[in-house]
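> Those letters in the sequence shown? Residues -26 to -1, 1 to 275, per mature numbering (1 follows the signal peptide of the UniProt record, and there is no 0), in order.
Using N, Cα and C, we set each Cβ at its ideal position, and we do this for glycine too.
If you're wondering where the values come from, they're calculated on a predicted model, not measured in any experiment.
For reference, the structure I am asking about is given below.
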Amino acid sequence: MSVMDMKLMACFVLVVFISILSSSLAQSSSNFTRDSLDFLVQDYALRGLSRAQTGFIHEVSLPANLSGMEALVVRIRSGNFRSKGVNYTSFTIPPRVLPIPHVRRLALVFQNLGNLSSYYSLEGYSLVTPVVAFFAYDALHISSNRFKRINLIVEGDPILVHFPQIVLPEHANFTLKCVQYGVNEPAKISEMNTSNLCFTRVQGHFSIVTLMEPKIVVKKNKKEILWKCWVVGFALAFIGLVTVASVTMMMIRYLKCKKVEEMEKQSNGAEAFNYVWIGDCKMPSAATLRTQPILENREVP
């Protein structure tokens, strides 16, 4: 094998290895938990923020296995955030929201889970909007890959969560409710008092849900039920009649055979006969003769 052939073989093996490794990584990353999904989006959003301009929102480039999901990130000064608030995507954060602990700059990551909203499905309820979320991080040490999530204290008006697209079936009467998944908290459901709008005082995931429709049991017509009962009853009666007739015929045949057997025994009880075969026929043959033959006339002509 020449040196060129060895190089080609090595390149081929390397390409196959890389393709297998990438496919296995993609397959393993497609099975997320809620926390791992948040950490993955956080990682993609904050790693490139060190080169971004403060005060401008940036779209996050997510991997292919998160297709259908959107993420945005913005870095903002803590003083401006506290005095002016922000209004990005689905969230309106009013003034007088304090980051705890205090930081000079904070990073806000906004999510729209899109077709991955099923990770936040709630038993007994149906999601009627995509799940959206926002989280706050300390933006000071992002360049050193130290991502620290911070708390937000709402001192004034609550944070508004807008849902412009609510898809409901036509001619349906549903009661919509707001649901929020706080950080390390169970889901909380509240009444939706304003159309397409929910209120919150914590960061986390949010959506609008409605109670699942119970299964509708269709009541059948009484005449239809009665007709089916008649059909089933007639079929059962017919099967029973056929069974009784069959059993009766078998009993009659058995009794006839039994009677013939008894008659044969009675007829053959006085004298036992031997049997001889003549050709293909079985004929009775007497072993002895009761009456000896004699000549009527002893004179011999």
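Could you tell me the boundaries of the alpha helix (DSSP H) in which Asp9 lies?
Within the sequence shown, residue 9 is the residue found at index 35, counting from 1. Here the alpha helix (DSSP H) through Asp9 covers Arg8 to Arg21.
> Which residues in the same chain have their Cβ closer than 7 Å to the Cβ of Gly59, if we skip the five residues on either side of it in sequence?
Along the sequence shown, one-based indexing puts residue 59 at 85. Taken in chain order, the residues that qualify are Ile67, Pro68, Pro69 and Val71.
> Contact defined as beta carbons within less than 8 Å: I believe Arg56 pairs with Leu114. What is the distance between those atoms, to the nearest angstrom?
Walking along the sequence shown from the start, residue 56 turns up at place 82. Walking along the sequence shown from the start, residue 114 turns up at place 140. Going by Cβ atoms, the distance from Arg56 to Leu114 rounds to 16 Å, so no, they are not a contact pair.
> Excluding the five sequence neighbours on either side, which residues of its own chain have a C-beta within less than 7 Å of the C-beta of Gly178, listed in chain order?
As a first step, residue 178 is located in the sequence shown; it is residue number 204 there, counting from the start. Ala107, Gln154, Tyr155, Gly156 and Val157, listed in sequence order.
> So, are the CB atoms of Val15 and Gln85 less than 8 Å apart?
Indexing the sequence shown from 1 puts residue 15 at position 41. Indexing the sequence shown from 1 puts residue 85 at position 111. Yes, the pair counts as a contact, with Cβ atoms nearer than the cut-off.
> What residue range is occupied by the uninterrupted beta strand (DSSP E) comprising Phe180?
Translated into positions along the sequence shown, residue 180 becomes position 206. It spans Gly178 to Leu185 - the beta strand (DSSP E) in which Phe180 sits, taken as one unbroken run.
> According to DSSP, is Lys151 helix, strand or coil?
Counting from 1 along the sequence shown, the entry for residue 151 is found at position 177. Of the three classes helix, strand and coil, the one that applies to Lys151 here is strand, per DSSP.
> Please state whether DSSP places Phe55 in a helix, a strand or coil.
Within the sequence shown, numbered from 1, the residue matching residue 55 stands at position 81. In the structure shown, Phe55 sits in a helix (DSSP, three-state: H, G or I).
> Would you list, in sequence order, the uninterrupted beta strand (DSSP E) runs of no fewer than 3 residues that lie entirely inside the stretch 60 to 137?
DSSP runs (the beta strand (DSSP E)) wholly in the stretch 60 to 137: 60 to 62, 65 to 67, 71 to 74, 79 to 86, 99 to 101, 106 to 112, 125 to 128 and 133 to 136.
> Can you round the beta-carbon distance between Leu82 and Val48 to whole angstroms, since I take them to be within the 8 Å contact cut?
Numbered from its first residue, the sequence shown carries residue 82 at position 108. Numbered from its first residue, the sequence shown carries residue 48 at position 74. Indeed they touch by this definition, with Cβ atoms about 5 Å apart.
> Per DSSP, what kind of secondary structure is Ser164 in: helix, strand or coil?
Position 190 of the sequence shown, counted from the start, is the residue given in the question as residue 164. Strand.
> Let's test the definition: count the other Cβ atoms within 10 Å of the Cβ of Ile(-9) and tell me whether it reaches 16, buried, or not, exposed.
One-based indexing of the sequence shown puts residue -9 at position 18. For Ile(-9), the pLDDT reaches just 44, beneath the cut-off of 50, and the residue's location in the model is therefore unreliable, although a value from the coordinates is still provided. It counts as exposed.
> Hey, Asp112 and Ile127: beta-carbon distance below 8 Å or not?
Counting from 1 along the sequence shown, the entry for residue 112 is found at position 138. Counting from 1 along the sequence shown, the entry for residue 127 is found at position 153. Taking 8 Å as the Cβ cut-off, Asp112 and Ile127 do not qualify as a contacting pair.
> Consult DSSP for Val34 and reduce its assignment to one of helix, strand or coil.
To locate residue 34, count along the sequence shown from 1; it is residue 60. If DSSP states are grouped into helix, strand and coil, Val34 belongs with coil.
> With contact counted as at least three CB pairs below 8 Å, one residue from each stretch, are the stretch 159 to 171 and the stretch 127 to 139 in contact?
Yes: at least three Cβ pairs fall under 8 Å.
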